[in-house]
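Visitor: One structure follows; several queries about it will come next.
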Amino acid sequence: MGVIVLQLFAVPDGKSGPQVIEMLTKRVIALGAVLSGSFIVDCETYSSTASLGAPRSVHLLHNSETPASVFALLEAASGNKTVALVADNLFDLLMLKLSNFYTAKKQTKIESRGPRFEAGDFLVKLGSVTMGPAFKGILVEVEYQACSLPAACWDLIREFMQGFLGGCVPSTPPQYIQNRFGDMLGTIDGINQYLEQFNAFRKTTGIR
Amino acid sequence: MDDLFSNNSVNVSVEAPAENLIQEIAYDGQEVYQLPLTLSENLTKQAHKIDWMKGDDDDEDIEDIPSVTSATEKDAEEDSKKPDFQASSWPWDSVRNKLRSALTEVCVLADVITVAKDKRYMVLDPVQQDQPDQRQLAQLFSKKRGLTAAANILLHGAERLKISQSDTARAKSNQDFHLELLRLRQNWTLKKIGNSILGDLSYKSAGSRFYHTGIFEVTKSEEPVLGSSETISENQHKPSMIKVTIPTELGGTAYIQDILCTTNLNLVHASLTHSDPSRDANPWTSKLEAAQNVLFCKELFSHLAREAVQLQAAIPHMVVGNQITASLFPGIQLSIHFQSSHSVGIEKRQPVSNSTSPIAKVDHNFISSDILEHSLHQLLRQVHLNNVGQPVPHPSSAPLGPTKRRRLAGPHAYDRDELLLMTKNENILEQIIRQGQHVVLRLRTMFVIDSIAREIRDPLIISHWNVLNSPTLSCVKIIIMTHGYDTLQRTALVVHVGEKTLKCICRDGRVLQMSYEPQELRDLILCQISQHQINAVQSLARFLGWHVVSSSAHLGLGPVEPLGNASSCILSSPSGNRVLSVRCGPQAAQPQVYLSSFPRPDIEKNKVLKDVRWEQLNASYEEVRLEKIEGRNFLSRMELLMASLTYLLSPN
Chain A
1 MGVIVLQLFA
11 VPDGKSGPQV
21 IEMLTKRVIA
31 LGAVLSGSFI
41 VDCETYSSTA
51 SLGAPRSVHL
61 LHNSETPASV
71 FALLEAASGN
81 KTVALVADNL
91 FDLLMLKLSN
101 FYTAKKQTKI
111 ESRGPRFEAG
121 DFLVKLGSVT
131 MGPAFKGILV
141 EVEYQACSLP
151 AACWDLIREF
161 MQGFLGGCVP
171 STPPQYIQNR
181 FGDMLGTIDG
191 INQYLEQFNA
201 FRKTTGIR
Chain B
1 MDDLFSNNSV
11 NVSVEAPAEN
21 LIQEIAYDGQ
31 EVYQLPLTLS
41 ENLTKQAHKI
51 DWMKGDDDDE
61 DIEDIPSVTS
71 ATEKDAEEDS
81 KKPDFQASSW
91 PWDSVRNKLR
101 SALTEVCVLA
111 DVITVAKDKR
121 YMVLDPVQQD
131 QPDQRQLAQL
141 FSKKRGLTAA
151 ANILLHGAER
161 LKISQSDTAR
171 AKSNQDFHLE
181 LLRLRQNWTL
191 KKIGNSILGD
201 LSYKSAGSRF
211 YHTGIFEVTK
221 SEEPVLGSSE
231 TISENQHKPS
241 MIKVTIPTEL
251 GGTAYIQDIL
261 CTTNLNLVHA
271 SLTHSDPSRD
281 ANPWTSKLEA
291 AQNVLFCKEL
301 FSHLAREAVQ
311 LQAAIPHMVV
321 GNQITASLFP
331 GIQLSIHFQS
341 SHSVGIEKRQ
351 PVSNSTSPIA
361 KVDHNFISSD
371 ILEHSLHQLL
381 RQVHLNNVGQ
391 PVPHPSSAPL
401 GPTKRRRLAG
411 PHAYDRDELL
421 LMTKNENILE
431 QIIRQGQHVV
441 LRLRTMFVID
451 SIAREIRDPL
461 IISHWNVLNS
471 PTLSCVKIII
481 MTHGYDTLQR
491 TALVVHVGEK
501 TLKCICRDGR
511 VLQMSYEPQE
521 LRDLILCQIS
531 QHQINAVQSL
541 ARFLGWHVVS
551 SSAHLGLGPV
561 EPLGNASSCI
571 LSSPSGNRVL
581 SVRCGPQAAQ
591 PQVYLSSFPR
601 PDIEKNKVLK
611 DVRWEQLNAS
621 YEEVRLEKIE
631 GRNFLSRMEL
641 LMASLTYLLS
651 PN
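Sequence order for the protein chains is A and B. Count the first sequence with the UniProt record's numbering and you get residues 1 to 208, in order. Count the second sequence with the UniProt record's numbering and you get residues 1 to 652, in order.
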């Protein structure tokens, strides 16, 4: 249980994704982090058939940090908030059974994968986002495991992130965190942020 | 006329009753008819009914009736003539005629038979005989007779059985045997295999995977087996007709003994005692129970031995014969013995009332722990349960297999570390080692607290141990207070005794982690005592109206304390002309009290310094001899002192 902050790292011109990841890796290791494996967060989208009314999409996300869970987010039906469900791995199979009502949109499967570092109470994940074969951008996730309240630790997280990401980190927290500044955050909030970023990635063509 | 008849007539048809005979009625009520005979079958049936012998005669008669009658008339005439004519000629004529007719008959018969044998022109077929009359009454009688004969035989046999049963000696023994067998069967599983009755006393049905089958045999004993002849007169054991044979390796009794000991001491041998014989009147109960216990102990010991060999510990565990040795702390070992006695008869040595603990005197280097034995039994039973039981999934459509925690891991989004923790399975030896460590640590803590409480009487040390504790965690609350002043000041601290560490939580919120060395706890308590004294004096001062000028929990002045820090406080009387300074260190037996009084006795009136207040400067402190003051403890002495100093006015 910790505060998860996602930060988009703009790929400078002339450099490729792996090069940027390598550069960030060096910086993170210089800060004293230890490489501890890799991570992957992926998202599949299912959209409802016309027989159910207005088409709504269900996003199924998996996180290697919680290997026993599947996060299902139902898109808002005009005005309502997204409904989030945390379920067991069998939920994937359930979606297959519902193929008459929810069809999978395979071409929009998007994922972020890369190395994972631990620096004390911080967990840093440098992910390169790919949609199919195409590389879309770099997404950095920082989790501060010691605290669940953004209001108490936002400054600390920002300072840490600025230490290896540089100036691209804004001084104000991202909109998602700002809306929940006084609430206790958990894994589902990280997943919500990933969904927002993935949706933004889907909309843009080329590298963001 | 036809019209008339056709209008008013009723058609009458004549037909044979075409109902077919019912062959059978099926179970669902359907009737199966005998099929009507086909034409060829009908023909054969009719042909069988013809008696060809009789038919020929009939035919002859029918056809040649007129001729025959005339012939017979003629024959009769001729015959009458012939005999008249012939009789006189030859007496063998009739014989010759008869023989000739017989010869013709026989020739014809031979011809017929040869032709019939050929089967080309003539075939012999049986003539269907008419069914004899069904004489039901006769049949009934014959059946009845047969049944009565059979019944007589059976009754005869039954009578013989009755006689044998009514024989007193025989009857009782059989009855006893069967009754006892019934009682045996109520508690133990029995199977009849061939001619012998076998039973199972292993824990296989409860989930054990031990290789021993635990089969015992039940036979009828030739002479009554006397039960254990105890001196307890209430239990008169009836002679039993059942003889129970158990495998030899399960004979006698056994138990697992856990001993905590220091390394450099020889183990004291424990004397074997038996628990009270079971109140059951049956001698086989105790025998079977003892055998089952032996089996359980064997399984437990083999399980532990296997784990001891497989586990990699810092100091390796030793398995020698019937003993497993594991080290808990440096210098302290846990040895697990498998003790058994193969004596089938019950040898009584020093019966101990209702306890299997063999230790008469407690040697402080050698502790036998019944708690650990009980824990071992429980742990093995837990393993058995895990082998058998499957947790039922809550939505019943969920897959069978994962435990409840694993099923909840998905919806609660457990991360990798938590999932990894769940997969760690501790085996019995590790668990018992942890429990043994906790036992040792708890005993040590008790010892430390009790010894301090014995030594130091001035503030009283009271310890309350929590009733609820786990095999690896206990809590004790230590209260330090002075007799008579318990409402004034109490210092409390809680100590959580774990497996290898102690955690102490003081009232002011400090949390201290200590290791298993008993000296650390002792030092901590001594420091707390010294701080308690100073706090108590401060509270007392406030109570009496004295002012606390300054206080310090960790004093930086004065000689360096060998242990911890000294604490002190300075109190001034309500009128301000007396100042008491109290200093207490953890090592000191008693706090030290110093008094300074104003005005300074040594100052001389000075023309320059005229003001009274110059006399209020610090005077030298003199030590107060507390032992001369009456009082039960330090605080009561302080109270007396302060009370007596309160109203003393200055000489002027």
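Backbone N, C-alpha and C define an ideal beta-carbon position, used for all residues, glycine too.
1) So who's on the other strand from Thr45 of chain A, going by DSSP bridges?
2) Any C-beta of chain B sitting closer than 8 Å to the C-beta of Glu65 of chain A?
3) Name the chain A residues that come within less than 8 Å of Arg405 of chain B, Cβ to Cβ?
4) Can you find the residues in the same chain that come closer than 6 Å, C-beta to C-beta, to Glu31 of chain B, ignoring five residues on each side of it along the sequence?
5) Based on Cα-Cα distance, which residue from B:Ile534, B:Val497, B:Leu39 and B:Val537 lies nearest to Leu521 of chain B?
6) At a CB-CB cut-off below 8 Å, which residues of chain A make contact with Pro411 of chain B?
7) Could you tell me the alpha carbon to alpha carbon distance between Glu143 of chain A and Cys153 of chain A, rounded to whole angstroms?
8) Assign Cys147 of chain A to one of three DSSP states: helix, strand, or coil.
9) Just the C-alpha distance for Ser568 of chain B and Glu627 of chain B, rounded to the nearest angstrom, thanks.
10) Looking only at C-alpha atoms, which of A:Ala77, A:Pro67, A:Val41 and A:Ala54 sits nearest to Leu61 of chain A?
11) Taking only three categories from DSSP, how would you classify Asp51 of chain B?
12) Between the C-alpha atoms of Tyr516 of chain B and Val58 of chain A, what's the straight-line distance to the nearest angstrom?
13) The segment 184-196 of chain A: which residues have C-beta closer than 8 Å to a C-beta of chain B, in chain order?
14) Any idea which residues DSSP pairs Ala87 of chain A with across the strands?
15) Have a look at the DSSP bridge pairing and note the partners of Ser568 of chain B.
16) How is the alpha helix (DSSP H) around Ser94 of chain B delimited, first residue to last?
17) So is Leu419 of chain B in contact with chain A if we call contact Cβ pairs under 8 Å?
18) Taking DSSP as the reference, what is the three-state secondary structure of Ala409 of chain B?
19) In whole angstroms, give me the CA-to-CA distance for Ala200 of chain A and Gln193 of chain A.
20) So with Cβ pairs under 8 Å, would you call Tyr647 of chain B a contact of chain A?
21) Secondary structure at Leu376 of chain B, three-state DSSP: helix, strand or coil?
22) Enumerate in chain order the residues of its own chain whose CB-to-CB distance from Ile188 of chain A is below 8 Å, with the five nearest sequence positions on each side excluded.
23) For Phe296 of chain B, which residues of its own chain have a beta-carbon under 8 Å away from its beta-carbon, when the five flanking residues on both sides are left out?
24) Using three-state DSSP, classify Ala119 of chain A as helix, strand or coil.
25) Is the CB of residue 659 of chain B under 8 Å away from at least one CB in chain A?
26) Between Leu99 of chain B and Thr38 of chain B, what straight-line distance do the alpha-carbon atoms span, to the nearest angstrom?
27) Going by CA-CA distance only, name the one from B:Leu182, B:Val549 and B:Gly436 that's closest to Ile336 of chain B.
28) For Tyr46 of chain A, is the classification buried or exposed, using 16 other Cβ atoms within 10 angstroms of its Cβ as the cut-off for buried?
29) For the structure I just gave you, are there three or more beta carbon pairs, one from the segment 154-168 of chain B and one from the segment 181-191 of chain B, closer than 8 Å?
30) Straight-line CA distance for Gly585 of chain B to Tyr621 of chain B?
31) Give me whichever residues DSSP pairs with Asp200 of chain B in a beta bridge.
32) Cα-Cα, which of B:Glu455, B:Asn469, B:Asn425 and B:Ile433 is closest to Ile525 of chain B?
33) Decide if the segment 503-518 of chain B is in contact with the segment 540-552 of chain B; the criterion is three or more beta carbon pairs, one per stretch, under 8 Å apart.
34) Can you tell me whether Pro402 of chain B is helix, strand or coil according to DSSP?
Guide: Based on what the coordinates show:
1) On the first sequence, residue 45 of chain A is found 45 positions in, with the first residue counted as 1. In DSSP, Thr45 of chain A forms a bridge with A:His59 and A:Lys105.
2) To locate residue 65 of chain A, count along the first sequence from 1; it is residue 65. Glu65 of chain A counts as touching chain B.
3) Along the second sequence, read from residue 1 onward, the residue named residue 405 of chain B stands at position 405. Correct list: empty, because the minimum Cβ distance to chain A is about 11 Å.
4) Within the second sequence, residue 31 of chain B is the residue found at index 31, counting from 1. For Glu31 of chain B, where only same-chain residues beyond five positions count, the Cβ hits under 6 Å are Ile22 and Ile25.
5) As a working mapping, residue 521 of chain B is identified with position 521 in the second sequence. Of the listed residues, the one whose Cα sits closest to Leu521 of chain B is B:Val497.
6) For the purposes of this step, residue 411 of chain B is taken as the residue at position 411 of the second sequence. Correct list: Ser69, Val86, Ala87 and Asp88.
7) As a working mapping, residue 143 of chain A is identified with position 143 in the first sequence. As a working mapping, residue 153 of chain A is identified with position 153 in the first sequence. If you take the alpha carbons of Glu143 of chain A and Cys153 of chain A, they lie about 11 Å apart.
8) On the first sequence, position 147 is the one that residue 147 of chain A refers to. Of the three classes helix, strand and coil, the one that applies to Cys147 of chain A here is coil, per DSSP.
9) Within the second sequence, the letter at position 568 stands for residue 568 of chain B. Within the second sequence, the letter at position 627 stands for residue 627 of chain B. Straight-line Cα distance between these residues: approximately 19 Å.
10) Against the first sequence, residue 61 of chain A aligns to sequence position 61. Among A:Ala77, A:Pro67, A:Val41 and A:Ala54, the Cα nearest to that of Leu61 of chain A is on A:Val41.
11) Along the second sequence, read from residue 1 onward, the residue named residue 51 of chain B stands at position 51. DSSP places Asp51 of chain B in coil when its eight states are reduced to three.
12) If you number the second sequence from 1, residue 516 of chain B lands on position 516. If you number the first sequence from 1, residue 58 of chain A lands on position 58. Whole-angstrom Cα-Cα distance: 56 Å.
13) So the list reads Gly186, Thr187 and Ile188, given in the order they occur along the chain.
14) Residue 87 of chain A sits at position 87 when you count from the first residue of the first sequence. Answer is A:Val70, bridged to Ala87 of chain A.
15) Counting from one through the second sequence, the residue named residue 568 of chain B turns up at place 568. Its beta-bridge partners are B:Ser552 and B:Arg583.
16) Sequence index remark: in the second sequence, residue 94 of chain B carries index 94 (1-based). Segment Asp93 to Asp118, the alpha helix (DSSP H) holding Ser94 of chain B.
17) Stepping through the second sequence from its first residue, residue 419 of chain B is reached at position 419. Yes, Leu419 of chain B counts as interfacial toward chain A.
18) Within the second sequence, the letter at position 409 stands for residue 409 of chain B. In the structure shown, Ala409 of chain B falls within a helical segment according to DSSP collapsed to helix, strand and coil.
19) By one-based count along the first sequence, residue 200 of chain A stands at place 200. By one-based count along the first sequence, residue 193 of chain A stands at place 193. Between Ala200 of chain A and Gln193 of chain A, the C-alpha separation is close to 11 Å.
20) Within the second sequence, numbered from 1, the residue matching residue 647 of chain B stands at position 647. No, because no Cβ of chain A sits closer than 8 Å to the Cβ of Tyr647 of chain B.
21) Position 376 of the second sequence, counting from 1, holds the residue named residue 376 of chain B. Leu376 of chain B: helix per DSSP, three-state reduction.
22) The residue given as residue 188 of chain A occupies position 188 in the first sequence. Only Phe71, Ala84 and Val86 meet the Cβ criterion.
23) Sequence index remark: in the second sequence, residue 296 of chain B carries index 296 (1-based). Excluding sequence neighbours, Phe296 of chain B sits near Tyr203, His377 and Leu380.
24) As a position in the first sequence, residue 119 of chain A is number 119, starting the count at 1. Ala119 of chain A falls in the strand class under three-state DSSP.
25) This structure leaves residue 659 of chain B out entirely; chain B is present only between 1 and 652.
26) As a first step, residue 99 of chain B is located in the second sequence; it is residue number 99 there, counting from the start. As a first step, residue 38 of chain B is located in the second sequence; it is residue number 38 there, counting from the start. The alpha-carbon atoms of Leu99 of chain B and Thr38 of chain B are separated by roughly 48 Å.
27) Position 336 of the second sequence, counted from the first residue, corresponds to residue 336 of chain B. Answer by Cα proximity: B:Gly436.
28) Working through the first sequence from its first residue, we reach residue 46 of chain A at position 46. Buried is the call here.
29) no
30) Taking the first residue of the second sequence as 1, we reach residue 585 of chain B at position 585. Taking the first residue of the second sequence as 1, we reach residue 621 of chain B at position 621. Cα to Cα, Gly585 of chain B sits roughly 19 Å from Tyr621 of chain B.
31) As a first step, residue 200 of chain B is located in the second sequence; it is residue number 200 there, counting from the start. B:Thr189 and B:Ile215.
32) Along the second sequence, one-based indexing puts residue 525 of chain B at 525. Closest option to Ile525 of chain B, Cα to Cα, is B:Glu455.
33) no
34) In the second sequence, the residue the question calls residue 402 of chain B occupies position 402. Residue state, collapsed to three classes: coil.
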